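Peer 1:
In the UniProt record's numbering, the protein residues as written are 1 to 291.
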């Protein structure tokens, strides 16, 4: 069986060093997340700049490379898939996307702040991101069709709406595809900090074919773990846990800024559709699969 996300997180010592252990299996998450060095130097941004959606004055330059605007609320979204995928594990939550919602809970899509790309795998590999592609093939999975089709959709729908990924923000050192690398690297890095399975497990919430859990307990466990608000979505009759959205703001650019857990989920809370008691079903083993 392939290593779990928890195994990968435990190997990421640069991140683990940011955690303050409180004893047992619980810990206090970091106040922000910033641990990816872009391939080239990004814009020089002030350390004390405002968080996205928290500016006290109007944005003088909507194309600022140091302030994510207008989509300043960032959602890292995960799936609890119905079955174990090839090369995966029973405890795998998988990536759905990294979405820049507007500050009022709505969102733009298929914007033109950065060019669209139609061969994400080739772009990433052209920039030497072979390990990232392997990671995405394990954790960023399409429900049908090739994974690369989902990656293309996620970047073209959401990544193109992040203003700091605009080619102009890279200056003369811009090469086509750098914005693709930064988008997927930042999404993968943030995902690595959010082991949803373990967060629920340490709260005594584990997959079970019949048991129901209070929705408030599930949300509380994930919010304690991540330090910010979480939106949950369910399938079936709104009683089968299926998706978790972690809500962040950014101080600085997407490329080099800090992801700061949101303390108020705002309008995104309206997207939560789960019943007061929910099931967290075990994954099915695909017939004949070699796991």
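All C-beta atoms, glycine included, are put in the ideal place defined by N, C-alpha and C. The structure displayed is predicted, hence computed values, not measured ones.
So, is residue 242 buried or exposed, given that buried needs 16 or more other C-beta atoms within 10 angstroms?
Peer 2: For the purposes of this step, residue 242 is identified with residue 242 of the chain shown, where counting begins at 1. So residue 242 counts as buried.
Peer 1: How many angstroms separate the CA atom of residue 235 from the CA atom of residue 270?
Peer 2: As a first step, residue 235 is located in the chain shown; it is residue number 235 there, counting from the start. As a first step, residue 270 is located in the chain shown; it is residue number 270 there, counting from the start. Rounded to the nearest angstrom, the two C-alpha atoms are 16 Å apart.
Peer 1: Helix or strand or just coil, what does DSSP make of residue 252?
Peer 2: Your numbering for residue 252 matches position 252 in the chain shown. If DSSP states are grouped into helix, strand and coil, residue 252 belongs with coil.
Peer 1: Using a Cβ-Cβ cut-off of 8 Å (strictly less than) and excluding sequence neighbours within five positions of residue 125, which residues of its own chain qualify?
Peer 2: The residue given as residue 125 occupies position 125 in the chain shown. Same-chain partners within the cutoff: 133.
Peer 1: Between the C-alpha atoms of residue 216 and residue 205, what's the straight-line distance to the nearest angstrom?
Peer 2: Translated into the one-based positions of the chain shown, residue 216 becomes position 216. Translated into the one-based positions of the chain shown, residue 205 becomes position 205. For residue 216 and residue 205, the distance between alpha carbons rounds to 12 Å.
Peer 1: With respect to the alpha helix (DSSP H) encompassing residue 183, which residues constitute its N-terminal and C-terminal limits?
Peer 2: Taking the chain shown and counting its residues from 1, the one referred to as residue 183 is at position 183. Note, residue 183: alpha helix (DSSP H), 178 to 192.
Peer 1: Tell me the rounded alpha-carbon separation between residue 102 and residue 260.
Peer 2: One-based indexing of the chain shown puts residue 102 at position 102. One-based indexing of the chain shown puts residue 260 at position 260. The alpha-carbon atoms of residue 102 and residue 260 are separated by roughly 16 Å.
Peer 1: Identify whether residue 79 lies in helix, strand or coil by the three-state DSSP scheme.
Peer 2: Within the chain shown, residue 79 is the residue found at index 79, counting from 1. If DSSP states are grouped into helix, strand and coil, residue 79 belongs with the strands.
Peer 1: If residue 76 and residue 194 are in contact, beta carbons under 8 Å, what's the gap, nearest whole angstrom?
Peer 2: What you label residue 76 is simply residue 76 of the chain shown in a count that begins at 1. What you label residue 194 is simply residue 194 of the chain shown in a count that begins at 1. That pair is a contact at about 6 Å.
Peer 1: Between the C-alpha atoms of residue 94 and residue 148, what's the straight-line distance to the nearest angstrom?
Peer 2: The residue you call residue 94 lines up with position 94 of the chain shown. The residue you call residue 148 lines up with position 148 of the chain shown. Using only the alpha carbons, I get a separation of about 15 Å.
Peer 1: Pull up the distance between the alpha-carbon of residue 188 and that of residue 278, whole angstroms please.
Peer 2: Numbered from its first residue, the chain shown carries residue 188 at position 188. Numbered from its first residue, the chain shown carries residue 278 at position 278. Going by the C-alpha atoms only, they are around 28 Å apart.
Peer 1: Return the bridge partner residues of residue 267 from the DSSP annotation.
Peer 2: For the purposes of this step, residue 267 is taken as residue 267 along the chain shown, with counting starting at 1. According to DSSP, which records beta bridges pairwise, residue 267 is partnered with nothing at all.
Peer 1: On the three-state DSSP scale, how would you describe residue 51?
Peer 2: Residue 51 sits at position 51 when you count from the first residue of the chain shown. DSSP places residue 51 in strand when its eight states are reduced to three.
Peer 1: Considering only residues of the same chain and omitting the five flanking positions on each side of residue 29, which have a CB-CB separation below 8 Å?
Peer 2: Here residue 29 is taken as the residue at index 29 of the chain shown, counted from 1. With a pLDDT of 43 at residue 29, under the threshold of 50, the modelled position of this residue cannot be trusted; read the value that follows with caution. Here residue 29 has 19, 193, 225, 226, 227 and 261 as same chain residues with Cβ atoms under 8 Å from its own Cβ, once five neighbours each way along the sequence are excluded.
Peer 1: According to DSSP, is residue 97 helix, strand or coil?
Peer 2: Here residue 97 corresponds to residue number 97 of the chain shown, with the count starting at 1. Strand.
Peer 1: Can you check the stretch 81 to 146 for any alpha helix (DSSP H) of at least 4 residues that lies completely inside it and give the ranges in chain order?
Peer 2: 120 to 126 and 130 to 139
Peer 1: For residue 68 versus residue 250, is the C-beta distance shorter than 7 Å?
Peer 2: Taking the chain shown and counting its residues from 1, the one referred to as residue 68 is at position 68. Taking the chain shown and counting its residues from 1, the one referred to as residue 250 is at position 250. When the beta-carbon positions are compared, residue 68 and residue 250 come within less than 7 Å of each other.
Peer 1: When the Cα atoms are used, what is the spatial distance from residue 231 to residue 121?
Peer 2: Here residue 231 refers to the residue found at position 231 when the chain shown is read from its first residue. Here residue 121 refers to the residue found at position 121 when the chain shown is read from its first residue. Taking the straight line from one Cα to the other gives about 30 Å.
Peer 1: So, at 6 Å on beta carbons, what are the nonlocal neighbours of residue 79 in its own chain, with the 5 sequence-adjacent residues on each side left out?
Peer 2: Residue mapping note: residue 79 aligns to position 79 of the chain shown, counting from 1. The residues are 94, 96 and 243.
Peer 1: Would you kindly work out how many angstroms separate the C-alpha atoms of residue 111 and residue 248, rounded to a whole number?
Peer 2: As a first step, residue 111 is located in the chain shown; it is residue number 111 there, counting from the start. As a first step, residue 248 is located in the chain shown; it is residue number 248 there, counting from the start. Their backbone Cα atoms lie some 21 Å apart in a straight line.
Peer 1: Rounding to the nearest angstrom, what Cα-Cα distance links residue 212 and residue 280 in this structure?
Peer 2: On the chain shown, position 212 is the one that residue 212 refers to. On the chain shown, position 280 is the one that residue 280 refers to. Roughly 7 Å separates the two Cα atoms.
Peer 1: Should residue 223 go down as buried or exposed, given a rule of 16 or more other Cβ atoms within 10 Å for buried?
Peer 2: Reading the chain shown from its first residue, position 223 is the one you call residue 223. Burial call: buried.
Peer 1: Where DSSP assigns a beta bridge to residue 212, which residues make up the other side?
Peer 2: Residue 212 sits at position 212 when you count from the first residue of the chain shown. Answer is 279.
Peer 1: Considering only DSSP beta bridges, list what residue 231 is partnered with.
Peer 2: For the purposes of this step, residue 231 is taken as residue 231 along the chain shown, with counting starting at 1. Looking at the DSSP assignment, residue 231 forms a beta bridge with 245.
Peer 1: Which residue from 129, 169, 45 and 246 puts its Cα closest to that of residue 100?
Peer 2: In the chain shown, counting from the first residue as 1, residue 100 sits at position 100. Checked all of 129, 169, 45 and 246; the closest Cα to residue 100 is 246.
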